[in-house]
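Okay, so here's the structure we're looking at.
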């Protein structure tokens with residue numbers, strides 16, 4: 002019966018680790034959603050800048066002050082932000098894949114332990130039945 006307790010303990014520990022991975026994945030997905038929202042906002046700004054004439058006046062809000070900025074500078078800033086966001090999204094996608102792979106491994110390990118536990122319990126029940134005969 003010591004084997005049963007060890008397997009139950011292993012299953013419990015692996016299940017806790019799986020739950021931790023699931024919570025981490027949720028945080029990663031939430032972060033990805035924020036990045037997608039920022040990407041959409043910046044793409045909208047980029048489209049608006051594309052509609053501006055070259056000599057249009059553009060201002061950047063720094064603190065409580067509006068500072069004049071050239072249209073070209075503004076476009077470059079938006080493009081830099083979009084590139085940064087795209088790079089961050091790639092990193093987040095890698096984190097999602099890594100987390101999902103870890104979850105699959107944990108699930109497989111839990112299933113292996115559960116199968117071992119099932120076989121031990123089945124063998125124990127058979128031995129009890131033989132003793133009763």
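In my numbering, the protein residues as written are 2 to 134.
Glycine included, every Cβ here is placed at the ideal spot set by N, Cα and C.
Because the structure is a prediction, the values reported are computed rather than measured.
Where residue 62 is concerned, the enclosing beta strand (DSSP E) starts and stops at 59-63. Your pair residue 107 and residue 18 checks out as a contact, with CB atoms roughly 6 Å apart and the cut at 8 Å. Out of 3, 115, 27, 7, the CA that lies nearest to the CA of residue 101 is found in 27. Apart from sequence neighbours up to five positions away, the residues of its chain that approach residue 47 with a beta-carbon distance below 6 Å are 79, ordered along the chain.
According to the DSSP assignment, residue 26 belongs to the alpha helix (DSSP H) that extends over 3-52.
Non-local beta-carbon contacts of residue 11 in its own chain, meaning distances under 7 Å to residues more than five positions away in sequence, involve 114 in chain order.
By the C-beta density criterion, residue 128 is exposed, having fewer than 16 other C-beta atoms within 10 angstroms. Here the alpha carbons of residue 25 and residue 104 stand approximately 11 Å from one another. Comparing C-alpha distances from residue 54 to each of 41, 71, 64, 94 shows the shortest one belongs to 71.
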